[in-house]
Amino acid sequence: MPVTDRPWTRTALAVLLLVAGGAAFLSLSGAGPAVAGLTEGPELTSLFAVARPLLEASPADPVAPEPAMRRTGTNQDGWATYRLAAGRLPDRLQPGTGFRGEISWLQGDLVRKARVYVPRSADATGAPLLVSLHGLGASLRKVEAQQRWSTLSTQQGFVLVWGAGYKGSWNAGPCCGFASREGVDDLGYLDTVLAVSQALHAVDPRRVELAGFSNGAMMAYRYACGRPGRIAGVLAVAGTNTAPCTPSNATAVLVVHGSADPTVPLAGIRYSNSLRTSLPPARRAASQWQAIGAGVRVVVLKDFAHGWPTTSKGGFDTTGQGWRFLKAHPRP
């Protein structure tokens, strides 16, 4: 490329011509009245005649594009925080690098977020993806500590996301909390969660799973039914399907429920004063998917109340057994 074909060089030459030429002209003309004649003199006209084409040919200085995702700090739980640019998805991670961060974005007027963990062991050609949906009012820190998904993610190599509901709640139809009352678009939220996860790391589309507790289980049901063909399996713990649903795809379902659950009774309840809605029997959703040929398992824990069962509390390893079930039922 000739030197004068470079935009920055053309601009620099034009400026130098004007400055140097003007200085020379002033020097030759002397000080005082001669300065006033610069605006009309033939010498200055000649300088502009040379410089003008160079200036007109020079595009505006290039502006670096805003990154799709930028680091913004660290949250109170020690997670690196990132913000997505409007309408953008993050760039693909380099294989084997891993990622652990809380990503936020705008959904309409709401700031939504999710915590994403990509272990270095994740298969670069397509790893399973599991999205964990918390119960009503739960903190993500407590959910992580209780459910232990991150340890299993590292061992098994699946991408893990902890969803964060609006004001601690999910709009699972008639239930629950602020998200339901204010009509928050949580189907759209989970659409974005899946898109962000799949942009960061290659995901096996046959191995996209949802695991929810209580209100989170209700949301998992709603999404699996409302977005047929996207979810391979649902782990529903202490929850039921409160939204109208006629399953059209064979999503595998594992139900884990305590027989003594007072919050979301196993047999359902005509009206829950605490949740302000009726609750269908926990087995109903599983039977709906079973009727269309999906793999279904129902585990009822005797005398167990409302919680996430573990080996030491409830006698059932929900996280480990749940993953084994989901792993055994990829989407056809």
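Under my numbering, the first residue of the sequence shown is numbered 1, with each subsequent residue one higher. Don't be surprised by glycine CBs; every beta carbon is placed ideally from N, CA and C. Being a predicted model, the structure only gives us computed values, none of them experimental.
Collapsed DSSP secondary structure at residue i in the structure displayed
i    : result
V143 : helix
F178 : helix
S153 : helix
W79  : coil
K113 : strand
V184 : coil
G322 : helix
D191 : helix
W170 : coil
H134 : coil
G226 : helix
G258 : strand
Residue i versus residue j - alpha carbon distance
i    : j    : result
V237 : A217 : 6 angstroms
T74  : I292 : 46 angstroms
R283 : F99  : 37 angstroms
Y221 : A64  : 43 angstroms
V118 : V159 : 5 angstroms
R181 : H257 : 26 angstroms
L89  : Q321 : 33 angstroms
I269 : P280 : 7 angstroms
S104 : G137 : 19 angstroms
A267 : C245 : 18 angstroms
V262 : A305 : Note on identity: in this sequence residue 262 is Pro, with Val being the wrong assignment. Approximately 7 angstroms, taken between the alpha carbons.
C176 : W170 : 6 angstroms
L93  : V203 : 12 angstroms
Own chain residues within Cβ distance below 6 angstroms of residue i, not counting five before or after
i    : result
G135 : F213, S214, N215, G216
W149 : S132, L160
Among the options, the one whose alpha carbon lies nearest that of residue i
i    : options                : result
G168 : G101, G293, L301, R112 : R112
Q155 : W323, Y82, A286        : W323
D77  : V143, P174, Q94        : V143
P265 : A285, G188, G239, E102 : G239
G96  : A122, A199, D186, S104 : A122
R230 : A250, Y166, G101, W149 : A250
S272 : L301, A286, T242       : T242
P228 : L200, F178, T263, L187 : L187
A328 : E209, T277, R276       : E209
CB-CB length for residue i against residue j, believed under 8 angstroms
i    : j    : result
L106 : A86  : 6 angstroms
G173 : A127 : Not confirmed; about 31 angstroms, so no contact.
Cut-off 7 angstroms between Cβ atoms - residues of its own chain near residue i, not counting five sequence neighbours on either side
i    : result
F48  : Because F48 carries a pLDDT of 47, less than 50, the predicted location of this residue cannot be relied on, and the following value inherits that uncertainty. Contacts found: none.
R331 : R206, A232
E66  : A85
A224 : L210, I231, V234, T251
Cβ shell of residue i (< 8 angstroms), same chain only, five flanking positions each side left out
i    : result
G307 : A238, G258, K313, G314
W289 : P247, A250, T251, A252, V253, V296
S153 : Y117, P119, L130, V159, L160
L301 : V256, H257, G258, S259, P309, G314, G315, F316
D303 : G258, S259, A260
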